[in-house]
Amino acid sequence: MKRLFLLLFTLATFSSLAQTAKRNEIFQMLIKPAKGSLKMDGKLDEAAWLEAAKVSDFVMCNPTDTLCSNVRTDVRMTYDDKYLYISAECFLKEQSRYVVESLKRDFSFGINDNFLVFIDTFDDKTTGFSFGANAAGAQWDGQMSEGAKVNLNWDNKWESSTSYNKESWIWEAAIPFKSIRYKNNSTRWGINFSRLDLQAKEKSAWAPVPRQFPTASLAYSGVLLWETPPPAPKQNISVIPYVLSGVTSNYETQDPTSFRKQIGGDVKVALSSSMNMDLTINPDFSQVDVDRQQTNLDRFELFYPEKRQFFIENSDLFDGFGTETIRPFFSRRIGLALNTRTGIYEQTPITYGARVSGKLTNDWRIGLLNVQSQRIDDKGVPTQNYSMVALQRKLFARSNIGIFMINKQSFIDTELQRQNGFAEFNRNIGVEYNLASSNNFWTGKIFYYQSISPDAKANNFAHAASLAYKDNNWIMSWKHQWVGDSYNPEVGYVPRVNYTNINPEVGKIFYPKSKTSSLFYAQIRLNSLSFWNNSGGLTDNTTYVALEGKMKDQSSFSAFHGYDYVRLLYDFDPTRMGNIPEKKGSEHTWRSVGFGYISSPIKLFTYSVTSRFGGYYGNGNRTGITGELGYRFQPHVGISVALDYNDIWGVEVPVAQADGSTKKIISASEFWIVRPKVDITFTNKLFFTTFFQLNQQTKNMNLNARLQWRYKPASDLFLVYTDNYLPENFHIRNRSIVLKLNYWLNL
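Letter by letter, the sequence shown follows residues -18 to -1, 1 to 729 in mature numbering (1 follows the signal peptide of the UniProt record, and there is no 0).
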């Protein structure tokens, strides 16, 4: 009862901060039907463009947000019964000079000259779509959520072309109305246009956005008014079949070489103008980008984001619940079965999946998911079914309240499955409120979750709340969490349980007064994170002060000084390399300092370095250095090598002797992660990537090479080659090669 009262009280407090006014209401663009046909060739020579709606007066967002842009951008929009047309002519400060990383899709925003459009089709200042390109014509597309987040793993069917002259580069795009979701008979959308010009050292937007926020902030979008409503959404069914052939060899287990012949696919069905159903049968995700390996010196599991296309659309309705360390739903758990006897996740193929997601009305959103995985008899893994239902209600200007239920059902019918610890079911229910003020200055969250299992015990809950304020000068936030020792969301990501923590932060942002200064901004932050077990004992504290800054050429710097205290909850090897562990209950304190620098992306040769020096567990010391060197032959070839180096020495571990005495064992470890990478973008439709990773901590070398040919919009041919080796002797552990073809067909 006390927890529920706390939740309702905090919700009422948060709600008082919400406002409803649209910030940039006066920025309006009237779009009219096209008078004639348009060809996507990057040339604006058709009569339809001459009569299209046009805006030109962009406002600088940084390095200052009070001046007009120094570089001119002309944007035009029109439409017909099938397509929304957008063009942008981006004039250059210096003739024929622009900065791009490559021709690869979904490029990194801050290191490419680019033009982007953010479309709020429901004018709710929360969800939408983004399209654009860099100055070399590489496409960008993503689905928007939470007011400013752009999920670039979203992919859909559309066309664009780019052309060049000495004074400007021109981008022209045709976006099928079938590829986006919007309300029937709507005549008002939210919209904004963003331009980044690294040579001119400025970012600008049509509707002004304060410099502390990204230009993707839908809270600051302008208004797109339709002379006549866009065409009524028609039946929209997309079928995306694939065929696959592959070979896999496991040299460690000496299993016979396995040959894969597989077919499957996805189906997308527009149930309404704002509701979509995704179906998948026998899906394969072999073409998904390989994860960038990380050094794990933490006591808890690392997080890797979802990249599989089936789980992407409206993903915020499912995995948007929770925080970074309390996620009740984490789609990467689907297809992984945890054997509690061995502590190993067994990868299991997905048989089928279905998702329904979107808007019921302008204020209500719903998400439904059901996925079934296959059983593996020889490993004692049962058939498992994963399902989730989520309902979200918009409140005030941009806030919302949501509820969910998650169910994982295991169909257990053998003794081996029971021995491996698979429970018949695991469920999780929860309620969550998300605050987002109309001006984006205030954000917050509060939730209460509860897990349900056959052996359910008390304290099977998780609660957290946060409130943050950010304006042009100050950053202030408060976060707290309370997780019971029996909270167990098997389809979630919760690295630790049985704790209460608080995390206050305050920061000051400094902008130079001189317009000639090369500094864009600097900020200093003080942050403290403390953990207590639910018996009231302090187990962790990290307190640090950090200085961060960015220059007008997009280079950045950082420095910190920190203090750490840890009382171990269990035996732990701080190197994670099989050394003698520090004992449960032992206490450790240390201080550390660190420095970092990222060079300007304007240069063809780029580099970055971050470092950490100081104490460590067991009165030891740790030096950690991460660096990356890169060179690009603009825009077709990018070569980089990244290095993670850790040197840990002088770690004392008390070990009991046979005579009852205690001896201190001194240990040391030195290890690397080396990550060379070659990206070749022959065109904006043909890509080749080779990624090699040597990880001494996990004693593995991985080579992943991927060729992708986008032969038609959203239709691809992939050739993927993967090797894993032992680093000591280069003996092959396993090897695979896969050829996959998919085709996007709109019915």
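Even glycine gets a Cβ: it sits at the ideal position worked out from N, Cα and C.
Quick caveat, the model's predicted, so the values are computed rather than measured.
Looking at the DSSP output, tryptophan 514 sits in a beta bridge with Thr482, Leu520. Following the DSSP letters along the chain, one finds alanine 30 inside the alpha helix (DSSP H) bounded by residues 29 to 32.
Between the C-alpha atoms of serine 420 and arginine 380 there is a straight-line separation of about 6 Å.
Histidine 570 has Val548 as its beta-bridge partners, per DSSP. Judged by their CB atoms, tyrosine 598 and proline 556 are nearer to each other than the 9 Å cut-off. Rounded to the nearest whole angstrom, the C-alpha separation of valine 637 and histidine 570 is 16 Å. The three-state reading of DSSP puts tyrosine 599 in helix, counting H, G and I together. Between glycine 247 and asparagine 724, the gap from beta carbon to beta carbon is short of 9 Å.
With fewer than three CB-CB distances shorter than 8 Å, the segment 149 to 166 does not count as touching the segment 315 to 327. Taking 3 residues as the minimum length, the beta strand (DSSP E) runs contained wholly in the segment 26 to 74 are 35 to 37, 41 to 44, 55 to 61, 65 to 73, in order along the chain. The C-beta separation of lysine 64 from phenylalanine 159 comes to about 7 Å, placing the pair in contact by the 8 Å criterion. The alpha-carbon separation between glutamine 194 and aspartate 47 amounts to approximately 9 Å. By a beta-carbon distance limit of 8 Å, alanine 687 contacts threonine 672. Their separation comes to about 5 Å.
With a beta-carbon spacing of about 6 Å, threonine 521 and asparagine 515 fall inside the 8 Å limit used to define contacts.
A residue is called buried when at least 16 other Cβ atoms come within 10 angstroms of its Cβ; tryptophan 346 does not meet this threshold and is exposed.
Here DSSP, grouped into helix, strand and coil, assigns glutamine 401 to helix. Distances from the alpha-carbon of arginine 657 to those of Phe407, Leu676, Asn389 put Leu676 closest. For phenylalanine 407, no alpha helix (DSSP H) segment is defined; the enclosing uninterrupted segment is the beta strand (DSSP E) at 407 to 418.
Here phenylalanine 282 is not near proline 265, since their CB atoms are 9 Å or more apart. Restricting attention to Leu320, Leu449, Ile457, Gln244, the CA atom closest to the CA of glutamine 401 is found in Leu320. A residue is called buried when at least 16 other Cβ atoms come within 10 angstroms of its Cβ; glycine 412 meets this threshold and is buried. Residues Arg58 of the same chain have their beta carbon placed closer than 6 Å to that of lysine 36, with the five preceding and five following residues left out of the count.
Annotation: the continuous alpha helix (DSSP H) that includes aspartate 298 extends over 298 to 301. Per the C-alpha coordinates, the member of Ser517, Ser500, Val527, Ser499 positioned closest to leucine 511 is Val527. The segment 115 to 202 contains, as complete beta strand (DSSP E) runs of 3+ residues, the segments 121 to 127, 131 to 133, 141 to 146, 150 to 158, 170 to 179, 184 to 187 (chain order).
By the Cβ-count criterion, tyrosine 693 is exposed, with fewer than 16 other Cβ atoms from all chains shown falling within 10 Å of its own Cβ.
Rounded to the nearest angstrom, the gap between the Cα atoms of valine 363 and isoleucine 316 is 13 Å.
For serine 38 against aspartate 62, the beta-carbon gap comes to about 24 Å, at or over 8 Å, which does not count as contact.
In this structure, DSSP gives glutamine 291 a helical state, which the three-state scheme calls helix. The way I'd put it, the segment 116 to 123 doesn't touch the segment 214 to 234; fewer than three beta-carbon pairs between them come closer than 8 Å. Around the beta-carbon of asparagine 410, 16 or more other beta-carbon atoms lie within 10 Å, marking it buried. Rounded to whole angstroms, threonine 498 and glutamate 83 show a C-alpha spacing of 27 Å. The beta carbon of lysine 645 sits closer than 7 Å to the beta carbons of Val637, Gln639 from its chain, once the five residues preceding and following it are set aside; these are given in chain order. Close CB contacts of valine 132 within its chain, under the 7 Å cut and outside five residues either way in sequence, are with Ser112, Gly124, Met126, Ala198 (chain order). Straight across, the Cα-Cα distance linking threonine 144 with isoleucine 584 is about 21 Å.
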